Structure formats: structure tokens, C-alpha cells
Amino acid sequence: LTNYCYDIQWNGSLWVAVGSGTNCIATSTDGKTWTGRGTQNFTTVREVCWTGTYWIAVGEPTNGNEAIRYSTDGITWTASTGTTTLLTLGGAAGARNMVKYNQSLTMASLSKITGDADFTPVVLSTAIPEYSAYTFSVPAGNTVASVVNNQIRILGTGSVTITVTQAANELYNSATTTATLTVFSSASAVNTFPAYVSDGILAHFDPAHSSSYSGSGTSMTSLVSGGATATFSGTYSSGTIRLTNTSSTATSNTQYIQLASTNLTGVRTVSFWVKIESIQTLNRYLIDARSTTGESWILYNQSTGLYEVGTLWNGGMLYVNNVPYTLNTTNIDKVFATTGWKHVTLVTASSSFSSDIKLFSRYVLNEALDCSVGPIWVYNKVLSASENTQNYDYFVSTIGNYTSPTNTYPRYPLTANDNSTSTGYIASS
92 LTNYCYDIQW NGSLWVAVGS GTNCIATSTD GKTWTGRGTQ NFTTVREVCW TGTYWIAVGE
152 PTNGNEAIRY STDGITWTAS TGTTTLLTLG GAAGARNMVK YNQSLTMASL SKITGDADFT
212 PVVLSTAIPE YSAYTFSVPA GNTVASVVNN QIRILGTGSV TITVTQAANE LYNSATTTAT
272 LTVFSSASAV NTFPAYVSDG ILAHFDPAHS SSYSGSGTSM TSLVSGGATA TFSGTYSSGT
332 IRLTNTSSTA TSNTQYIQLA STNLTGVRTV SFWVKIESIQ TLNRYLIDAR STTGESWILY
392 NQSTGLYEVG TLWNGGMLYV NNVPYTLNTT NIDKVFATTG WKHVTLVTAS SSFSSDIKLF
452 SRYVLNEALD CSVGPIWVYN KVLSASENTQ NYDYFVSTIG NYTSPTNTYP RYPLTANDNS
512 TSTGYIASS
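With our numbering applied, the sequence shown covers 92 to 520.
Dropping the structure here:
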């Protein structure tokens, strides 16, 4: 060590000293006789330590080399991987150097509606421990969004690039990343949503936007899709069908949705949006599409206090807000367990049925559920997990975040299968 020695360490069998000069690293087995190991691509080595497995040295490297190197024997040194910028602490006599690491940021692209409140995008950092020193910016003069108090403020429709920068701290270098913000008007989201799955679809009934229904105002008696008819006994409001079945007497409640078996041959999957308004003693039928008693119902048996799943469904699949479960008497309570809108998909276990499908009511028109209903899909195929996700995302992934039972349905565009060309939204009641 021709000029200075800054640090020395012992691992039980070897001394390693570091500093500056012709030899930036030297070793000794007894502390008396030392052997220089050259510069090892350093101009100065500030510190050295033994991990129990290998030596680590840090300092100022020669041009193009790393500031951290490691060695298993103290003699041959190898550059560490990654960026190892050195931060000088103190800046005066006796100042010390330490390793300063790179970090990376992640910020997802997102969409908003004009009129939405100011918001702070979610940013994730690889820094451990993670810290928050984020600064957001957008291009000057754009008409889509501005930054106010380090939050994003919506100005108008269109797309804009948001840049986020994380300031450096004592451990990490600064980092930056970008994401795209797309802003829509409340009725301009056409062609921005994923389409729902159309392969194998027999019917898609949408009370909010289908143009083919009879009735007006708050009354609606039928809805047609693909030649199949859904008959309602309920009221229409804000894009939903309200089935008011609030009595605990099973025989007094007859509001339901019935899907005619005509053109609905071989049904394997039924999917719908539902909001359970209240749970009554006897009125807990979710579906009944029997050809024989007990074959295809899903209900709550108030006599036993248990949910019952008919043989056509038992062992099939249940998805509630895109979470998969095996369809059985234990898991069906996930549909009834919480309030708020739920996306529910029911997949038969092994065979199809051809009878009319009663939704939210017993087949003989009693024991009906008190609920509000949105769109309904009927398939002659087993909907896969990824296909169910696609249908769920059709409503929730692009515009708005379906994160709370109190949220309204996000706005969404329509496709040719909806029998309509307008756009709008379904609101939580």
C-alpha cells in the first residue's frame, strides 16, 4: 500500500488491508509479512469486509470498472454485477464512501373519465426499504392533464404521458419511468374495452342497452338476444332489473328472470352481475334449471341452514368477482357473503341441461331472491378461467376500478352482440 491504508480486516486465517498506491490491496497470514495484490482495477479501496464466504472491497475504480469487487481468497478479485455508484458522505477530511444502488420504478398505464377527482398514480419501487419521494410531471401545454400539488388533474379527453421521478436518498440513485394516461368522456369509450367472450355464446342479455325489449319506463317484460328470450317480473331502473322479493314467506315472492329453453340448448355456463339487496329466511334461490327435482338448483335450505348445490353443478366451477372456487355447498356462500355488486359465473360439472332457466327464483316461482341484476351471459361451452377474466375485465379493467361494493359500474361500450350502438353505464343502486 504505497500511499495510504484505509481499512484492514481478519477472517481467522488471512489479513486483508486496502488503500491506495501501486498496490490497493495487500494480504498477510501473520500480520508481519505482506504481499501486494496490485490495484485490482481500483485507484483507491476504502473498505473491505469478510462475509463468511468471500471478501468484499469497495472504493474508487479505474475508468470503466466496477466500484465493488469480491474475492474468495483475497488474491484474485472479480467485479460485482449491477451498478455500484459511490456516494461520498461528509465531503471533508475523513470523508467516507459507501455503495449507492440503482432502483427501478413501475407505474401502470391507466384510464380516467372527465370530471374525475385529482389523483396520485400508484408507483412501485425496487428500493428496500421502499421510500416515497416521487415527483410527477406531464408535457407542458398538453390539454389532457396537469400536475397540481404533485397530483394529476384531468383537463380534457385524450392521452398524455405521465413521468414519475424518485429522488435519490442515502442508499439509492434517482430513477424515473413513464406511463400513459387516457381520459375519456362519460360516453366516448367505444373501442377501448376488451370484448366479452363470444365463442360458444348462446345469448347475452343486457338490461341497460339492448334495444330489443318490450315495455318502457320502469316496466320491462322481455329481452331478446340471438333468438333467445329472457322474461322479467321486476322493474327497470338505471340499467338494472330490480327483483323485489323482501318477504320471508316463500310463496309470496314471484319476481324473477326466466330464460326460455328455445335456442338455449346445451347450456354449460351462466354468468351474470348481481347485487343481493337483502337475505330473507326462505328466499335464497340463485338458480333453478331443473329437468328433475334437485338436479340443477343452487339454494339455501332454511330447514337445514345449509346451501345446496344440485348434481348438475356440484363439482363445477364458481367465480365470484374473478376469484375461482370449486362449485359446492361450502363455496356457494361466497356469492351471499358480502353486499355489493358481484360478477358471478356458474359452470356445470359434467353435463348440460335444456330446460328453461330460472334465475334468482325457484322453478315453480317462489323462494325468490331479493336482488338487482345486470348483464347475463349464457354459453354452451365451459368457460375457462381466462375467458371468465375477459368477461370480468369487459366491465372493470379499463375504465374505473371495481374495488368496493359501493362503486358504480364502470362505463363501457357496446359490441354488435349487444343489439345497440349507444354507450352508457350501469349504476349501482
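Built from N, CA and C at the ideal position, the CB exists for glycine as well. Since the model is a prediction, treat every value here as computed from it, not as a measurement.
What does a CB cutoff of less than 8 Å around residue i pick up in its chain, not counting 5 residues either side in sequence?
| i | result |
| --- | --- |
| Lys67 | The question about residue 67 has no answer, for the chain in this structure spans 92 to 520. |
| Thr153 | Thr130, Asn132, Phe133, Thr134 |
| Lys425 | Leu409, Val411, Val414, Tyr416 |
| Thr480 | Asn413 |
Just verifying my parser: in three-state terms, what is the DSSP assignment at residue i?
| i | result |
| --- | --- |
| Asp379 | strand |
| Ala184 | Any reading at Ala184 must be qualified, since the residue scores a pLDDT of 40, below 50, and its modelled position is unreliable; the value itself is stated next. Coil. |
| Val107 | strand |
| Asp424 | helix |
| Asn392 | strand |
| Thr163 | coil |
| Glu478 | helix |
| Tyr192 | strand |
| Thr514 | Model confidence at Thr514 stands at a pLDDT of 33, short of 50, so the residue's coordinates are unreliable; what they give is reported in the following sentence. Note: Thr514 maps to coil in three-state DSSP. |
| Asp484 | helix |
| Lys472 | coil |
| Ser216 | strand |
| Ser265 | coil |
Once the 5 residues before and after residue i are set aside, which same chain residues still bring their CB inside 7 Å of it?
| i | result |
| --- | --- |
| Tyr222 | Asn260 |
| Gly249 | Thr234, Val235, Val274 |
| Ala117 | Leu92, Ala108, Trp125, Thr126, Gly127, Arg128 |
| Val400 | Ile389, Leu418, Asn419, Thr420, Ile423 |
| Asn102 | Trp141 |
| Ala319 | Leu293, Ala294, Leu350, Ala351, Thr353, Asn354, Leu355 |
Please identify the residue among the options whose C-alpha is closest to the C-alpha of residue i.
| i | options | result |
| --- | --- | --- |
| Val42 | Ile367, Tyr376, Leu450, Ser477 | Absent from the structure is residue 42, since the part of the chain shown begins at 92 and ends at 520. |
| Val139 | Cys96, Ala218, Gln257, Leu397 | Cys96 |
| Ala218 | Thr226, Asn264, Arg244 | Asn264 |
| Glu386 | Ala231, Thr163, Ala440, Arg244 | Ala440 |
| Phe427 | Gly155, Leu403, Thr113, Ile389 | Ile389 |
| Ser443 | Thr144, Trp404, Val464, Trp432 | Trp404 |
| Ala321 | Pro220, Pro230, Ala351 | Ala351 |
| Asp164 | Trp106, Thr337, Asp121, Thr113 | Trp106 |
| Val238 | Trp364, Leu201, Leu334, Pro212 | Pro212 |
| Met198 | Val214, Ile204, Ala208 | Val214 |
| Thr167 | Thr252, Tyr145, Ser338 | Tyr145 |
| Thr335 | Ser316, Glu368, Asp209 | Glu368 |
| Asp297 | Gly325, Gln194, Thr331 | Thr331 |
| Val438 | Tyr470, Asp447, Gly465 | Tyr470 |
| Gly431 | Gln371, Thr395, Val365 | Val365 |
| Gly247 | Pro220, Gln257, Ser202 | Ser202 |
Short of 6 Å in beta carbon distance, which residues of its chain neighbour residue i, apart from the five on each side in sequence? Order them along the chain.
| i | result |
| --- | --- |
| Gly206 | none |
| Leu450 | Ile348, Ile378 |
| Tyr192 | Tyr263 |
| Ser522 | Outside the displayed span of the chain (92 to 520) sits residue 522, for which this structure offers no information. |
| Ser111 | Asn94, Tyr95, Thr135 |
| Asp98 | Val109, Glu138, Val139 |
If we call anything under 8 Å between Cβ atoms a contact, is residue i one with residue j?
| i | j | result |
| --- | --- | --- |
| Thr436 | Leu474 | yes |
| Asn241 | Thr226 | yes |
| Leu196 | Ser228 | no |
| Thr267 | Val255 | yes |
| Thr345 | Asn457 | yes |
| Ser313 | Trp468 | no |
| Asn209 | Ile243 | A small correction: the amino acid at residue 209 is Asp; Asn does not occupy that position in the sequence shown. It is a contact, given that the beta carbons lie within the stated cut-off. |
| Asp461 | Thr326 | no |
| Ser200 | Arg333 | no |
| Gln257 | Ala224 | yes |
Starting from residue i, follow the beta strand (DSSP E) in both directions and report where the run begins and ends.
| i | result |
| --- | --- |
| Val136 | 133-141 |
| Asp290 | Premise fails: Asp290 is in no beta strand (DSSP E) and is neither H nor E. |
| Trp146 | 146-152 |
| Glu399 | 397-400 |
| Asp121 | Note, Asp121: premise wrong, no beta strand (DSSP E); not H, not E. |
| Leu418 | Run containing Leu418: none; DSSP gives neither H nor E here. |
| Cys96 | 95-101 |
| Gly249 | 249-257 |
| Ser202 | 201-204 |
| Arg359 | First-last for Arg359: undefined, no H or E at that position. |
| Arg333 | 331-334 |
| Gln371 | Neither: Gln371 is in no beta strand (DSSP E) and is coded neither H nor E. |
| Thr439 | Note, Thr439: premise wrong, no beta strand (DSSP E); not H, not E. |
Taking CB distances under 8 Å as the criterion, tell me whether residue i reaches chain C.
| i | result |
| --- | --- |
| Ala258 | Of the chains in the structure shown, none is chain C; there is only one protein chain. |
Tell me whether residue i counts as near the ligand ZN, meaning its Cβ is closer than 7 Å to at least one heavy atom of that ligand.
| i | result |
| --- | --- |
| Arg160 | Ligands in the displayed structure: none, and consequently the ligand ZN is not present. |
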